[in-house]
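Residue numbers (the working numbering): 33 to 530. Glycine included, every Cβ here is placed at the ideal spot set by N, Cα and C.
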Ligand code: AHR
């Protein structure tokens with residue numbers, strides 16, 4: 033394939049928050065994940081230091097919390113103050129100890145060096161409860177909730193900038209589900225109250241690529257929003273945990289920008305495309321697995337044990353890494369309107385990090401985030417492909433899907449002026465040749481590739497088969513045309529200078 037890149041054709045800057053993450057009170061994401069008091073690897077606040085260091089190493093920009101479905105029946109006041117009383121989590125049907133709440137979340141974010149992003153309860157919660165939460169976090173001293181924060185030993189306000197009204201309230205199964213008739217007005221009233229407390233907060237609202245839902249939301253509450261939330265999981269494993277194989281996952285890399293296109297069109301129709309950006313604040317190739325949430329009898333542990341199937345690290349192969357690279361490329365190529373994206377979730381379940389008592393496993397997807405946050409640039413430039421190879425692959429239903437084998441995105445690191453290009457080869461078996469073409473000569477200064485040996489390779493406590501390596505075969509190549517091969521099932525980033 034030939035990829036022609038024009039570094040002069042600058043498209044837009046990308047917001048680093050497209051490399052964000054999501055943390056929910058589900059299975060071992062919080063308790064036993066980021067928060068593990070008593071573990072020798074945890075610090076004085078009970079946070080896993082190995083997890084914190086790993087998240088710092090991928091320049092984590094933002095973490096969304098506490099849910100997800102969990103939040104739609106969560107009352108934040110149970111999670112602050114000295115005497116935390118456990119509550120019943122109606123979303124996931126377990127007891128929530130409430131020992132990890134707002135103070136702990138903000139403290140975790142400070143240690144990682146990332147922005148906290150709080151999703152509020154628009155299910156069973158009220159507009160007032162949401163605005164009380166903003167008081168607790170952002171008012172210096174005024175009122176009951178700021179004083180409650182201070183009483184808890186947290187004098188300075190947290191200045192939480194990013195908030196969302198609700199999570200997937202469009203879904204009938206969500207606690208406190210709403211109709212599109214109800215949603216716009218509810219968001220408007222909630223946003224009004226939250227902005228009365230702190231006009232500077234940036235608000236999102238739960239949405240999906242549905243015209244009726246979004247039209248009413250934008251019409252009634254668009255003026256109050258700076259973000260609109262989207263969620264997508266491509267491999268549906270909610271009820272049956274049968275992860276799709278490599279080629280079926282590649283079939284799901286086509287049309288990744290479908291929902292972005294729809295929301296872009298709706299925002300443009302309402303004249304809001306310069307005011308509101310997309311927060312893709314939950315995305316992952318693999319959906320989570322939580323069967324029988326609605327019908328498991330009290331006392332049953334089967335449906336809880338099923339959630340732990342996600343701890344099988346052999347599920348997360350080069351397919352997850354390649355898909356993640358393709359999704360991040362989609363975010364880069366739509367960075368004018370996609371301003372935030374949050375991998376769901378960050379730790380355990382389908383996360384980039386798996387924790388166990390003695391340490392952590394960095395899954396292949398973790399390394400993709402490290403490559404992108406450390407090697408890709410901040411300015412997106414234009415490029416076009418020619419002679420792109422295509423292979424037909426079957427999706428998980430057996431439908432034949434033509435899959436473009438090479439996915440790419442071109443950026444410039446504005447600090448160094450270097451061209452930083454991500455090049456992905458989706459082919460399950462064969463290396464693919466790539467020719468980069470420029471208006472003037474460039475030389476490959478550094479190249480890094482993540483491939484494993486086989487498409488189904490993975491990382492675990494006792495194996496590290498999918499880790500990036502310096503691609504010396506590409507380094508040093510120079511000219512107006514540079515040709516080299518991309519290994520099968522691989523993600524590469526090459527950095528070039530003149
Ligand atoms: O499967 C996990 C759930 O997926 C999240 O809690 C929710 O936001 C999404 O539907």
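Check, Outcome
"Any 3 or more C-beta pairs closer than 8 Å across the stretch 250-269 and the stretch 176-184", "no"
"Whole-Å CB distance - residue 397 paired with residue 356, under 8 Å assumed", "5 Å"
"Runs of alpha helix (DSSP H) wholly within the stretch 231-281 (minimum 4 residues, chain order)", "243-253"
"Whole-angstrom distance between residue 444 and residue 450, CA atom to CA atom", "6 Å"
"Neighbour-count burial assignment, residue 342, 16 or more Cβ in a 10 Å radius", "buried"
"Neighbour-count burial assignment, residue 380, 16 or more Cβ in a 10 Å radius", "buried"
"Option in 78, 151, 54 with minimal Cα separation from residue 103", "151"
"Length of the line joining the Cα atoms of residue 62 and residue 410", "31 Å"
"Length-filtered (3 minimum) beta strand (DSSP E) runs lying within the stretch 122-150", "126-128"
"contact_flag[the stretch 472-489, the stretch 40-57] where n(CB pairs < 8 Å) is 3 or more", "no"
"Check: residue 187 C-beta below 7 Å from any heavy atom of ligand 1", "no"
"6 Å CB neighbourhood of residue 273 in its chain, flanking five on each side removed", "321, 341"
"Three-state secondary structure (DSSP) of residue 178", "helix"
"Limits of the unbroken alpha helix (DSSP H) element including residue 351", "350-365"
"Reference residue 282, options 437, 229, 300, 243, closest by Cα", "437"
"Among 508, 192, 124, 469, nearest to residue 142 - alpha-carbon criterion", "192"
"Residue 442, buried or exposed, once every other Cβ within 10 Å from all chains shown has been counted against 16", "buried"
"Rounded C-alpha distance that separates residue 315 from residue 158", "27 Å"
"Check: residue 153 C-beta below 7 Å from any heavy atom of ligand 1", "no"
"Where residue 104 falls: helix, strand or coil (DSSP)", "helix"
"Touching by the beta-carbon criterion (3+ pairs, under 8 Å), the stretch 317-334 and the stretch 483-493", "no"
"Cβ neighbour criterion (16 or more within 10 Å) applied to residue 330", "exposed"
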